[in-house]
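Trainee:
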Amino acid sequence: MTPPSRVGVAGWRLPGDHFDAVALARQVGADGLQLDLGGPGRGPWLDAPGTAARLRDDGAAHGVELLGVAGNTLNDIGLTAPAGSRDALRARYVLIRVLDAARALDAPLAFVPSFRRSAIDGPDDLRRTADVLAWAAREAEARGLVLASENALEPAAARALVEQVAVPSFRLVLDTYNPRVYGVDVLALIEATHPWIAPQVHLKDGTGGVVGRELLGDGDGGVWEALTVLLSHADAPPDALVLENDYRDGDLRRLVLDIGRARVRAAGADRSATAPDHPRS
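If you're matching positions, the sequence shown starts at 62 in the working numbering and goes up one per residue.
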């Protein structure tokens with residue numbers, strides 16, 4: 062078993078915009094950062110002129126690796142839109158922007174959420190999503206990237222998505238709490254899909270299916286149990302744990318504590334114990 066080597070944070074769950082996120086990641090002791098493409102209600106566009114160069118320079122200056130790019134605005138468009146429709150064309154346009162932004166940032170992973178308007182609610186949605194992701198995965202390979210899907214599918218449907226995409230480098234983003242939110246057994250999901258889980262895993266926690274202010278491990282998501290099961294599979298060792306709890310309220314002490322807990326687990330410490338709750342200076 063190879064433990065994860067890095068602990069990162071999701072920029073869209075931090076206060077400020079992506080220009081603030083790099084310095085903030087360094088301040089709280091994170092190794093890396095995932096960023097969102099942006100868009101209406103989601104902050105400045107990541108692919109605006111000069112942005113990638115500035116973020117690469119900031120990352121190098123602060124020692125923060127740019128890990129991946131998310132296309133969260135696709136939740137407002139719909140990957141399941143019928144082929145040839147206006148929304149389907151918009152989705153492909155945004156996907157290309159996500160891939161090009163990841164390449165410009167030297168980030169190895171691009172990932173695509175399937176929630177709200179992109180939710181996969183049946184066989185037709187699954188087929189339409191697989192069609193567009195197969196195209197996008199080939200575009201990602203041409204750019205030297207890995208493309209991954211983050212979704213709320215049951216284990217069998219998640220495997221079916223991988224089989225229908227049928228591109229060897231395609232992966233699934235594991236989020237330790239999203240399955241709880243959607244009534245999916247996260248341990249069964251890991252057992253069914255571990256060969257295809259992306260090398261960057263989202264950690265978050267909550268209570269009753271709602272992500273609140275709980276520290277990692279204090280909610281009902283079974284975060285550490287899920288991570289232990291994932292790490293037990295030699296073919297799927299993640300190389301980054303990315304915190305996706307909501308820190309937009311500016312409570313950095315809570316963020317530092319979560320990073321500390323994730324580091325203890327990533328280092329292979331006793332998983333029955335809780336990491337020391339002392340922020341690093």
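No residue lacks a Cβ here, since even glycine has one placed at the ideal position from N, Cα and C.
In whole angstroms, what is the alpha-carbon distance linking A168 and A162?
Mentor: A168 and A162: Cα-Cα distance of roughly 8 Å.
Trainee: Compute the Euclidean distance between the alpha carbons of R232 and D97, then round it to the nearest angstrom.
Mentor: Rounded to whole angstroms, R232 to D97 spans 18 Å at the Cα level.
Trainee: Helix, strand or coil: how does DSSP classify P174 here?
Mentor: Three-state DSSP puts P174 in a strand.
Trainee: I believe E200 touches L160 by the beta-carbon criterion, under 8 Å. Please report the beta-carbon distance rounded to the nearest angstrom.
Mentor: At roughly 6 Å, the Cβ-Cβ gap stays under 8 Å, so E200 and L160 are in contact.
Trainee: Candidates R188, V242, Y243 and A144: which alpha carbon is nearest V226's?
Mentor: The candidate whose alpha carbon is nearest that of V226 is R188.
Trainee: How would you call L214, buried or exposed, if buried means at least 16 neighbouring beta carbons within 10 angstroms?
Mentor: By the 10 Å Cβ count, L214 comes out buried.
Trainee: So within the stretch 81-165, which uninterrupted beta strand (DSSP E) runs reach at least 3 residues, ignoring any that extend past its ends?
Mentor: Counting only runs of 3 or more, we get 93-97 and 126-131.
Trainee: By the DSSP assignment, the beta strand (DSSP E) with A209 in it spans what residues?
Mentor: Residues V207 to E211.
Trainee: On the three-state DSSP scale, how would you describe I258?
Mentor: In this structure, I258 counts as strand in the three-state DSSP scheme.
Trainee: If contact is defined by three or more beta carbon pairs under 8 Å, each pair taking one atom from either stretch, is the stretch 241-259 in contact with the stretch 313-324?
Mentor: The stretch 313-324, when compared against the stretch 241-259, does not touch it at the 8 Å Cβ threshold.
Trainee: Are V207 and S230 close, meaning C-beta to C-beta below 8 Å?
Mentor: Yes.
Trainee: Whole angstroms are fine: how far does the CA of L264 sit from the CA of L407?
Mentor: Because the chain in this structure spans residues 62 to 342, residue 407 falls outside the shown range and cannot be described.
Trainee: By a C-beta neighbour count over all protein chains shown, 10 Å radius and 16 as the cutoff for buried, is R147 buried or exposed?
Mentor: So R147 ends up on the exposed side.
Trainee: Return yes when the Cβ of V173 is within less than 8 Å of the Cβ of L156, no when it is not.
Mentor: Taking 8 Å as the Cβ cut-off, L156 and V173 qualify as a contacting pair.
Trainee: Distance check for G77 and A122, CA to CA, integer angstroms please.
Mentor: When rounded, the distance between both Cα atoms is 19 Å.
Trainee: Taking the beta carbon of Q95 as the centre, do at least 16 other beta carbons fall within 10 Å, making it buried, or is it exposed?
Mentor: Buried.
Trainee: Which residue from D192, V271 and L85 puts its Cα closest to that of V317?
Mentor: Residue L85 is the option with its Cα nearest to V317.
Trainee: I need the DSSP call for T335, collapsed to helix, strand or coil.
Mentor: Model confidence at T335 stands at a pLDDT of 44, short of 50, so the residue's coordinates are unreliable and nothing is read from them.
Trainee: Would you grab the beta carbon distance between I320 and V83 for me? Rounded to a whole angstrom, and I think it's under 8 Å.
Mentor: Contact flag wrong, Cβ pair sits at about 15 Å.
Trainee: List the DSSP bridge partners of G69.
Mentor: The partner list for G69 (beta bridge, DSSP) reads G93 and V303.
Trainee: Helix, strand or coil for R220, going by three-state DSSP, please let me know.
Mentor: Here R220 sits in helix by DSSP.
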